[in-house]
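Working notes, structure below.
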Amino acid sequence: MSARQNLFWDALDSLFRLLTELSVGKRLKSTHLSFWMSDCKRYLRPNMIVVVDYGMSNVRSIVNKIERLKLRASVGRTPEDVLAADKLIIPGVGHFAAGMKNLRSSGLLDALELKVRREGAPVLGICLGMQLLGTHSEEGDVEGLGWIDARVRRFQLEGVQHSGSSRLRVPHVGWNTIEARRPSILLDGQSDEPRFYFVHSYHMDAAPESEAVVATTLYGYPFASIVQQGNIYGTQFHPEKSHHYGMRLLEQFLRCA
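Be aware that the sequence shown starts at 90, since it is given in the working numbering, and climbs by one per residue.
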């Protein structure tokens, strides 16, 4: 996409944000305006990819990776942005409880529920974003989105035997492999042993044979590193930091999901 086209879409986004502010100032029915703006955006910009910004990650790095694939992505900070999306990415680094609090306080939570659960828009959760898809987390003892039937737990590595010379530490940081448990479009076209970059202390506690688990990774014991339930996808690793393996996975989600 050319620089001129990017400027056009950025200007359109600014116009819609201004209309939102005016609607609040004049006490118009903001719900009706939200749906009208969402419909306009989807008509003018088909296949709209929105990276959700709820204050828990560097969304710009993901947008840059998407644009390297010759696809257009925008940052979504409002419910209107989410409702206008055709595909959604929920990244995240940090505390589970803070992530859920930010989604609620920004109004994004209800918009995500409507877009993903009722309309069936594909969504990809990354790192903390994948954990938020679960039912509950030990980190903060709070409920998650509940889109994937699994709880989130901290790594328990005490007494775990490790074949290497170094002791396993928490957080799990660095490159690691995955073991596919079932087919998924996310893994189509990958090499036999793809490697991805991880940074996390908590993981989704789902049995490897669970219907939602696409792939597992071994760190002391197997944990779910890729999940999928219908239109809902998640990766515990960071595809945007995983070189060509991650770029291939992102492209599969964005073009095929």
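C-beta: ideal position from N, C-alpha, C; glycine also.
- For the pair Ile274 and Tyr308, the Cα-to-Cα distance works out to about 24 Å.
- Its chain contains Ile138, Leu343 as the residues whose beta carbon lies nearer than 7 Å to that of Leu160, once the 5 sequence neighbours on both sides are disregarded; these appear in chain order.
- Look at Val259 here: in three-state DSSP terms it is coil, with no helix or strand label.
- In this structure the segment 222–237 lies against the segment 179–195, because at least three pairs of beta carbons, one per stretch, are closer than 8 Å.
- In the three-state scheme derived from DSSP, where H, G and I count as helix and E and B as strand, Val241 is classed as strand.
- Of the residues assessed, Glu169 falls on the buried side of the cut-off, its CB having 16 or more other CB atoms within 10 angstroms.
- Going by DSSP, Ser314 is part of no alpha helix (DSSP H) but of the beta strand (DSSP E) stretching over 310–318.
- A distance of 8 Å or more separates the beta carbons of Ala200 and Asp175.
- Nearest to Ile179 by alpha-carbon distance, out of Gly196, Lys154, Arg157, Leu221, is Leu221.
- Setting aside the 5 residues that flank it on each side, Arg240 is surrounded in the same chain by Gly223, Thr224, His225, Ser226, Glu227, Met293, Asp294, each with a C-beta closer than 8 Å to its C-beta; the list follows chain order.
- The three-state reading of DSSP puts Met145 in coil, since its state is none of H, G, I, E or B.
- It is roughly 45 Å from the alpha-carbon of Thr167 to the alpha-carbon of Ser255.
- Distances from the CA of Gly319 to each of Met336, Val303, Arg284 were compared; the closest alpha carbon is that of Val303.
- Per DSSP, the continuous beta strand (DSSP E) segment holding His292 begins and ends at 291–294.
- According to the DSSP secondary-structure assignment, Lys154 is paired through a beta bridge with no residue.
- Around the C-beta of Pro272, fewer than 16 other C-beta atoms lie within 10 Å, and the residue is accordingly described as exposed.
- Sequence-distant Cβ neighbours of Val288 in its own chain, meaning closer than 6 Å and more than five residues away, are Val262.
- Arg337 carries a helical assignment under DSSP once its states are collapsed to helix, strand and coil.
- Excluding the 5 residues flanking it on each side, Gln279 has same chain C-beta neighbours closer than 8 Å at Tyr334, Arg337, Leu338, in chain order.
- The continuous alpha helix (DSSP H) containing Ser194 extends over residues 185–194.
- Counting only the Cα atoms, Ile267 lies some 15 Å from Ala301.
- When the five nearest sequence neighbours on each side are left out, the beta carbons in the same chain lying within less than 6 Å of the beta carbon of Asn265 are those of Phe287, Thr306, in order along the chain.
- Here DSSP, grouped into helix, strand and coil, assigns Glu169 to helix.
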